[in-house]
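Shown next, in structure tokens, is the structure this report addresses.
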Amino acid sequence: MHLPNEVVRAAKSGDEYELYKALLINLGKRGEKAFDYIRERRVKKYRDFFVVVGKEEYVVEEDSCTCPDFIVNLKGLKPCAHILAVEIAKITGNYDEIDAYYVDYADDILKRK
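For the sequence shown, numbering that gives the first Met the number 0 begins at 0 and goes up steadily by one.
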């Protein structure tokens, strides 16, 4: 996924306001949501996937996301806020790293129900 140059520069600068402004100007509402996910540390890096905690946990792998916005509204043609958040988190390092496989973690949750 290719982020606009202005967003990449702002993410690398470490200036939170500049990042917010670049995301909002270049990517609109989805950019703003991505900023919130990063600021609230809702991006998680497991051994196998990145996961963004929104209304539910959404798996982001490469240029794909399991959220309804990406699948239904964007039809996989543009990045959703979760994909944007992961790409920016990769630049800023602003994510939590979890030393486990997400698929194993998800299986454990299902077994407890």
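Don't be surprised by glycine CBs; every beta carbon is placed ideally from N, CA and C.
The beta-carbon distance between V42 and A88, rounded to whole angstroms, is 4 Å. This is short enough to meet the 8 Å contact definition.
Below 8 Å, too few C-beta pairs join the region 9 to 20 and the region 62 to 76 to call them touching: fewer than three. For secondary structure counted as the alpha helix (DSSP H) over 4 or more consecutive residues, the region 30 to 96 holds these complete runs in sequence order: 80 to 91. Note that the region 91 to 98 does not touch the region 52 to 59; fewer than 3 beta-carbon pairs, one per stretch, sit closer than 8 Å.
The DSSP-derived three-state label of D14 is coil. Take the alpha-carbon of Y100 and the one of K44: they are about 9 Å apart. Between the beta-carbon of D47 and that of M0 there is about 18 Å, and that puts the pair past the 8 Å contact cut.
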